[in-house]
Amino acid sequence: MASFKELEVFKLSVKYVKSIYQITQSYPKEEKFGLVRQMRDAAIGIPSCIAESTGRRTANDRKHFIDIALASLYEIHSQLIVSEALEYIVIERLNNAEPFIKKLKAKLIAYQNLIKDRPSNV
């Protein structure tokens, strides 16, 4: 079995973490332990869940961790919308992020659909 580090969805999720860190660098200092922390934690959770899913025995367990990664992606998307409403980011930044979010969502779902039970001798 390939290492999680070799998965395209994992690599894409790491790029997403980097983009969220870059976006949140310009947020007000008072958000450091609020919205910024929430967004960064959720972003880091995506590749973490992908990695953790590869260590689970059953397909259902592995799929569950991809569900968590998807939920984190939705969480960040909503937080970007809130960020735009609070004028922490401009609408163009949100619009630029949305295609990346859609791509990562599609990759997560495609990966989840490929997950099967492992043979019992593994």
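Numbering of the sequence shown is given in our numbering, commencing with residue 4 and proceeding in unit increments. Glycine included, every Cβ here is placed at the ideal spot set by N, Cα and C. Predicted, not measured: the structure shown is a model, and the values here were computed from it.
- Query: Start and end of the alpha helix (DSSP H) containing R43?
  - Reply: L38 to T57 is the span of the alpha helix (DSSP H), which, as asked, contains R43.
- Taking the alpha-carbon positions, what's the K119 to N63 distance? Approximately 8 Å between the Cα atoms of the pair.
- Message: What does the alpha-carbon distance come out to for the pair F13 and L111?
- Response: In a straight line, the C-alpha of F13 is about 9 Å away from that of L111.
- When the distance is taken between beta carbons, is A46 closer than 9 Å to I71? Not in contact: I71 and A46 (Cβ atoms no closer than 9 Å).
- Task: Grab me the residues of Y19's own chain with a C-beta within less than 7 Å of its C-beta, minus the 5 sequence neighbours each way, in chain order.
- Result: Same-chain partners within the cutoff: A46, I49, F103 and L107.
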